[in-house]
Amino acid sequence: MKKVGIIGVGEYLPEKVLTNADLEKMVDTSDEWITTRTGIKKRHLAAKGQATSDLAIRAAKAALEDAGLKPEDIDLIIVATITADMPFPSVASIVQNALSARNAAAFDVSAACAGFVYALSIARQFISQGTYKHALVIGAEKLSSVTDWKDRNTCVLFGDGAGACVLGETKSGGIISTYLGCDGSNLGLLNIPAGGSRLPASHETVDNRMHYIKMQGNELFKIAVKTMTEAAQIVLKQAGLSFKDVDMVVPHQANSRIIMAVAKKLGLTEDKIYLNIDRCGNMSSASTVTALVEAVKEGKIKKGDRVLLDCFGAGLVWGACVIEW
Ligand code: ACO
4 MKKVGIIGVG EYLPEKVLTN ADLEKMVDTS DEWITTRTGI KKRHLAAKGQ
54 ATSDLAIRAA KAALEDAGLK PEDIDLIIVA TITADMPFPS VASIVQNALS
104 ARNAAAFDVS AACAGFVYAL SIARQFISQG TYKHALVIGA EKLSSVTDWK
154 DRNTCVLFGD GAGACVLGET KSGGIISTYL GCDGSNLGLL NIPAGGSRLP
204 ASHETVDNRM HYIKMQGNEL FKIAVKTMTE AAQIVLKQAG LSFKDVDMVV
254 PHQANSRIIM AVAKKLGLTE DKIYLNIDRC GNMSSASTVT ALVEAVKEGK
304 IKKGDRVLLD CFGAGLVWGA CVIEW
């Protein structure tokens, strides 16, 4: 089995920024409520006409440049997303065409906020087996397109963006361990009820605002803390490591209170946790990867560091990963 590492990173956040002050003018909320309950101060929103693939392509180009590779060097493109441009084809196909990555197979993965870790795990398998040499793994979302801007329970939480990693063989370190899980019995806690084969779009579904994210945040909060704590413990045990061996934790960024509650349970100090939720909100599949990219670009993750990714989202699904940089 070959060792597989991340050899290039890139991100793209749309130029438009929506602050908590802007939201105060749209729904009955306050900067104080949003900041203290979630840790979010602002989020990026895609421009009108900009789709998820447009964000993914920008992040992918940045990651390719960082890796020093050409599009034709890529054998596999996986896009983690829950906001594809259209039901089909995949965002990955659109990215493959836009990059002229003519040697790459391409598909999407739907695992919400754990999507990036799911995609990373799949790509790692292909490279470690020797099937492919280089994979582009992207997390990209335009959550603003499925956000109900009249619902204060959800509209303050989400943002748009994309992050990308190039995976390839590495001589040392790389991805040490991955752990994925799912509990489909709680899928009603977080979903978009209509627009799929169960409830295709109709006047009724549109009138009832059923094409937007519905979430029972309070219930999810408790499950998220428990699940992310357990996932981190399991993936580290698999790796034969303990929390003192970890230099940086990059968690999914749904709520800074969830992250700090997990950190407390695991005995982790704040300086070991990378957050971008304050400036990006929750970008689902794009959250963990953009936070990872930013931590690397800011020099907070350096060669030889051990990084723990820890994610939880709609499904319910979760995923954790240990990487030696
Ligand atoms: N502004 C002001 N008040 C608000 C707002 C708002 N934007 N939103 C809700 N409130 C009110 C509620 O109406 C409620 O009022 P009430 O007590 O009079 O009924 C009160 O604030 C408390 O509401 P809660 O839902 O209990 O607030 P909570 O502290 O749980 O925070 C939140 C809500 C931020 C959604 C939190 O529960 C959370 O982060 N949940 C987890 C989300 C998550 O992990 N999702 C999975 C990943 S996302 C993905 O996969 C796409």
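According to the working numbering, the sequence shown holds residues 4 to 328 in order. C-beta: ideal position from N, C-alpha, C; glycine also. Because the structure is a prediction, the values reported are computed rather than measured.
- Listed by position along the chain, the residues with Cβ atoms less than 5 Å from a non-hydrogen atom of ligand 1 are 32, 36, 40, 41, 115, 116, 155, 156, 159, 220, 221, 223, 224, 227, 257, 258, 287, 316, 317.
- DSSP places residue 272 outside both helix and strand once states are collapsed to three, so it counts as coil.
- Per DSSP, residue 116 lies in no alpha helix (DSSP H) and is assigned neither H nor E.
- Per DSSP, the continuous beta strand (DSSP E) segment holding residue 325 begins and ends at 320–327.
- The C-alpha of residue 224 lies about 10 Å from the C-alpha of residue 264.
- About 5 Å separates the CB atoms of residue 12 and residue 168; that is less than 8 Å, so the two are in contact.
- Between residue 177 and residue 58, the C-beta spacing is not below 9 Å.
- Three or more pairs of CB atoms, one per stretch, sit closer than 8 Å, so the stretch 275–283 contacts the stretch 246–262.
- In this structure residue 211 is exposed. Its beta-carbon is surrounded by fewer than 16 other beta-carbon atoms within 10 angstroms.
- Look at residue 231 here: in three-state DSSP terms it is helix.
- Beta bridge pairing from DSSP links residue 46 with 21.
- By the Cβ test, the stretch 48–66 is in contact with the stretch 97–105, since at least three Cβ pairs between them sit closer than 8 Å.
- In its chain, beyond the 5 residues on either side, 319 have a beta carbon closer than 6 Å to the beta carbon of residue 189.
- Residue nearest to residue 214 within the set 275, 266, 122, 201 is 201 (criterion: CA-CA distance).
- Taking the C-beta atoms as reference points, residue 183 is found nearer than 9 Å to residue 121.
- Going by beta carbons, residue 292 and residue 216 fall outside the 9 Å limit.
- Residue 295 places its beta carbon less than 9 Å from that of residue 166.
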